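Comments concern the structure below.
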Amino acid sequence: MSATGTRTGHVVVIGAGIAGLAAAHRLLGRGARVTVLEAADRVGGKLLPGEIAGVRVDLGAESMLARRPEAVALAREVGLDERLQPPATATASLWTRGALRPMPKGHVMGVPGTAAALTGVLSDEGLARVERDADLPRTEVGDDVAVGEYVAARLGREVVDRLVEPLLGGVYAGDAYRISMRSAVPQLFQAARSHTSLTEAVREIQARAVGSRQTGPVFMGIEGGVGTLPLAVADAVRARGGEIRTGTPVRELRREGDGGWRVVAGERVLRADAVVLAVPAPAAAHLLGAESPAAAAELRAIEYASMALVTLAYRRAGLRLPEGSGFLVPPVDGRTIKASTFASRKWGWIAREDPDVVVLRTSVGRHGETEILRRDDAALVEVSRHDLREATGLDAEPLRTRVTRWTDGLPQYPVGHHARVARIREHVAKLPGLAVCGAQYDGVGIPACIASAHAAVDQLGGDPTGIRELTANPVQSLHGGAGE
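full-length UniProt numbering puts the first residue of the sequence shown at 1, with every later residue one more than the last.
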């Protein structure tokens with residue numbers, strides 16, 4: 001094996017998803033020498049730009065939360081400011097109880113502040129059950145509790161089954177009765193700890209949001225697709241002098257006698273002062289097996305859900321769709337798809353790509369649902385078309401279809417997830433010069449992954465035995481500002 005020498009401040013980032021790239025970008029802004037290693041033949045992870053019928057689309061995540069600053073700020077720093085675009089419409093529906101119904105307003109992840117907010121979605125009995133919340137004794141949440149379990153105890157199962165489930169499922173592809181409220185909806189968890197009434201807690205959260213004068217869109221997209229964000233960050237990393245090697249799986253990660261790290265990637269050995277591990281939990285567990293068996297065991301216990309996205313392109317002529325940007329589907333209704341996005345209506349840039357083409361997409365697959373994902377692409381297209389026809393009346397033949405499978409794409413956050421993450425970090429902290437980041441820790445959204453990456457870099461910068469002289473000689477930003 002050949003060996004590459006190291007110098008003070010060399011950091012190896014393992015993984016070139018958005019977390020790994022964000023970490024590399026921040027490290028370079030602080031004067032480090034950075035090498036990024038990625039097993040796949042491309043960067044970006046779950047963010048993937050593509051095309052259908054000549055129209056650019058996202059084949060992975062399509063939007064990012066704008067009320068958190070990290071993703072929008074990074075996009076602007078790497079030159080995408082003028083391409084940031086909010087959804088053209090934020091109106092969506094629920095396909096439930098045999099009809100498309102307007103998505104209720106005035107809720108926190110499906111949990112309402114009043115029963116009236118869910119009129120039309122719940123039965124009369126379900127609405128009456130919500131009203132009982134104010135009269136119920138306190139429900140303790142303890143150190144953690146499943147979202148579905150707690151909400152059902154306060155407001156009834158209908159709220160969970162018809163609203164909380166499809167909203168949480170859209171984020172985690174998981175089961176609301178297993179998902180941790182503390183990890184997945186932390187603001188609701190904190191409010192529930194200090195209120196007897198859940199609806200009162202929700203109203204307080206909403207009042208705080210109004211009081212903080214949060215303005216602007218909740219979500220943001222990027223012209224050409226959110227999948228172009230990691231490409232732009234990768235370009236910025238290279239422009240700052242960073243090296244990115246794709247098609248380079250890391251086989252071994254070991255501590256060196258001098259306090260540095262030995263990274264074996266293919267037939268090459270790299271030596272680094274520090275390492276940022278930005279890969280999914282199974283890969284992280286494999287690489288940490290020798291140096292931290294305890295951290296590896298915790299990482300192996302993290303479960304993942306698989307899903308598939310079906311993208312369909314239609315001729316616009318004669319095509320009629322319901323109003324809004326699409327719809328969510330509660331699992332309780334027994335449908336195959338869990339959501340559909342009217343992409344050409346939601347994103348103005350897609351509509352402008354080709355005014356004669358309409359792009360839709362559906363998603364299938366939740367945690368524990370394996371049978372549907374065993375079907376071939378043609379079968380997934382057929383079930384998507386069937387459900388679209390049932391929901392919207394759309395019976396046209398698509399011009400083109402694409403199926404994108406995300407096997408083990410979404411980490412699950414069951415009750416106790418926060419404690420597991422704390423244990424992982426406790427074990428990792430015993431290895432100077434090592435930090436971890438990614439979707440399996442503090443949130444699966446793009447801003448959360450970027451924040452995780454920044455925290456990992458900050459951890460290294462504060463460890464005098466890990467990375468040496470990392471913050472010396474900050475470089476200038478690509479766009480004229482000081483380094484991060």
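Every residue, glycine too, gets a C-beta built ideally from N, C-alpha and C.
Only a predicted model underlies this, so the values are computations on that prediction, with no experimental measurement involved.
Other residues of its chain near residue i: CB distance less than 8 Å, five sequence neighbours each side excluded
| i | result |
| --- | --- |
| residue 292 | 427, 428, 430, 431 |
| residue 100 | 93, 94, 322, 327, 391, 392 |
| residue 366 | 169, 173, 174, 175, 305, 307, 331, 338 |
| residue 81 | 75 |
| residue 303 | 367, 411, 412, 414 |
Option nearest residue i by Cα separation, candidates the options
| i | options | result |
| --- | --- | --- |
| residue 187 | 175, 111, 120 | 111 |
| residue 181 | 449, 113, 282, 140 | 140 |
| residue 225 | 332, 160, 304, 44 | 44 |
| residue 435 | 417, 416, 460 | 460 |
| residue 572 | 155, 120, 320 | Examination of residue 572 is not possible in this model, given that the chain is present from 1 through 484 alone. |
| residue 239 | 46, 17, 24 | 24 |
| residue 223 | 131, 266, 83 | 83 |
| residue 108 | 208, 333, 42 | 208 |
| residue 264 | 288, 90, 282 | 288 |
| residue 70 | 457, 452, 458 | 452 |
| residue 369 | 399, 334, 348, 347 | 334 |
| residue 455 | 61, 14, 19, 15 | 19 |
| residue 221 | 136, 62, 261 | 62 |
| residue 248 | 318, 41, 88 | 41 |
| residue 46 | 90, 17, 138, 37 | 17 |
| residue 68 | 449, 457, 458 | 449 |
| residue 488 | 458, 421, 396, 105 | In this structure the chain extends from 1 to 484, so residue 488 is not present and cannot be described. |
| residue 130 | 106, 156, 137, 138 | 156 |
| residue 260 | 66, 433, 421 | 433 |
| residue 422 | 183, 96, 106, 105 | 183 |
| residue 294 | 424, 106, 153 | 424 |
Classification of residue i by the beta-carbon crowding that lies within 10 angstroms, buried from 16 upward
| i | result |
| --- | --- |
| residue 386 | exposed |
| residue 21 | buried |
| residue 27 | buried |
| residue 241 | exposed |
| residue 161 | buried |
| residue 123 | exposed |
| residue 218 | exposed |
| residue 267 | exposed |
| residue 35 | buried |
| residue 119 | exposed |
| residue 374 | exposed |
| residue 191 | buried |
| residue 346 | buried |
Residue i vs residue j beta-carbon contact at 8 Å
| i | j | result |
| --- | --- | --- |
| residue 86 | residue 330 | no |
| residue 408 | residue 340 | no |
| residue 144 | residue 198 | no |
| residue 380 | residue 364 | yes |
| residue 151 | residue 171 | no |
| residue 11 | residue 39 | no |
| residue 316 | residue 290 | no |
| residue 64 | residue 398 | no |
| residue 185 | residue 15 | no |
| residue 250 | residue 244 | no |
| residue 88 | residue 348 | yes |
| residue 91 | residue 138 | no |
Neighbourhood of residue i by C-beta distance below 6 Å, restricted to the same chain and skipping five residues each side
| i | result |
| --- | --- |
| residue 362 | 310, 337, 340, 384 |
| residue 401 | 312, 381 |
| residue 59 | 48, 50, 404 |
| residue 148 | 160, 176, 177 |
| residue 284 | 277, 299 |
| residue 281 | 299, 302, 440 |
| residue 158 | 122, 126 |
| residue 53 | 313, 357, 399, 400 |
| residue 233 | 21, 25, 78 |
| residue 153 | 139 |
| residue 106 | 113, 117 |
Contacts around residue i, its chain only, beta-carbon distance under 7 Å, and the 5 residues preceding and following it disregarded
| i | result |
| --- | --- |
| residue 55 | 313, 350, 353, 354, 357, 359 |
| residue 344 | 350, 351, 358, 359 |
| residue 403 | 308, 310, 377, 380, 381 |
| residue 414 | 178, 179, 180 |
| residue 57 | 50, 51, 225, 311, 343, 350, 359 |
| residue 490 | No statement about residue 490 is possible, as the shown extent of the chain runs from 1 to 484 and does not include it. |
| residue 103 | 92, 93, 94 |
Taking contact to mean at least 3 C-beta pairs separated by less than 8 Å, is the region 323-332 in contact with the region 267-280? With a cut-off of 8 Å, the region 267-280 and the region 323-332 do not count as touching, because too few Cβ pairs lie within range.
Between the region 66-80 and the region 218-235, are three or more C-beta pairs nearer than 8 Å? Flag = yes, the region 66-80 and the region 218-235 touch.
Does the contact criterion of 3 or more C-beta pairs under 8 Å hold for the region 108-122 versus the region 191-202? Contact between the region 108-122 and the region 191-202 is present, because at least three Cβ pairs lie under 8 Å.
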